[in-house]
Amino acid sequence: WHSGPHGQVGGKSGDDSGDFEDVASSPNDPIFFFHHADVDRNAFWWMHVNADKRATAYGYPTEAASGVGPYAGQTYYGQHLMDTMADAFGFSAKDLGFSDSTDLQTNADILCKVAPTTAVYTYDFIVACLDDG
6 WHSGPHGQVG GKSGDDSGDF EDVASSPNDP IFFFHHADVD RNAFWWMHVN ADKRATAYGY
66 PTEAASGVGP YAGQTYYGQH LMDTMADAFG FSAKDLGFSD STDLQTNADI LCKVAPTTAV
126 YTYDFIVACL DDG
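When you line the sequence shown up against the working numbering, it's residues 6 to 138, in that order.
Here you go:
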């Protein structure tokens with residue numbers, strides 16, 4: 006699922022792949038940052054309008070998650086709430102500026118630390134929405 010935009014936007018020209026398509030080099034492509042900032046913005050808004058689901062980690066699966074599309078019925082490490090996020094290229098709390106801990110972060114850790122009420126940043130539309138009541 007995640008590779009879809011990377012393949013379509015940074016796709017191939019003949020036999021050559023663009024940077025955006027390659028996991029290792031995708032940050033070299035300027036569109037990478039626009040794409041991921043927009044993914045974050047959309048997730049932030051979704052969490053804001055679904056604040057009532059925060060206590061249950063927004064419904065994030067704790068077990069038996071199923072893939073989508075061609076991966077339907079399959080489950081993979083990294084899909085569940087307490088799985089380490091990006092296990093092969095994990096991020097510690099220290100890497101992300103959350104604390105001095107070098108423990109790799111789980112999906113639950115990320116949801117707790119970047120929710121609209123806990124993140125160290127916000128988006129203008131959230132502020133405007135709150136100001137409007």
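Virtual Cβ for every residue (Gly too), placed ideally from N, Cα, C.
Given the structure is predicted, the values throughout are model-derived calculations rather than measurements.
Burial state of residue i (16 or more Cβ within 10 Å)
{"i": "proline 121", "result": "buried"}
{"i": "phenylalanine 25", "result": "buried"}
{"i": "glycine 74", "result": "exposed"}
Within 8 Å, strictly: CB atoms of residue i and residue j
{"i": "leucine 109", "j": "threonine 80", "result": "no"}
{"i": "phenylalanine 37", "j": "serine 31", "result": "yes"}
{"i": "isoleucine 131", "j": "histidine 41", "result": "no"}
{"i": "alanine 113", "j": "serine 104", "result": "no"}
{"i": "arginine 46", "j": "tyrosine 128", "result": "yes"}
Own chain partners of residue i with C-beta closer than 7 Å, once the 5 adjacent residues on each side are dropped
{"i": "leucine 116", "result": "Ala62, Tyr63, Tyr65"}
{"i": "glutamate 68", "result": "His85"}
{"i": "alanine 70", "result": "Thr80, Gln84, His85"}
Close-in-space but distant-in-sequence residues of the same chain around residue i (CB under 6 Å, 5 per side omitted)
{"i": "valine 119", "result": "none"}
{"i": "valine 125", "result": "none"}
DSSP beta-bridge partners of residue i
{"i": "threonine 111", "result": "Thr89"}
Cβ-based neighbour list, residue i, same chain, cut-off 8 Å, excluding 5 preceding and 5 following
{"i": "threonine 107", "result": "Ser97, Ala98, Lys99"}
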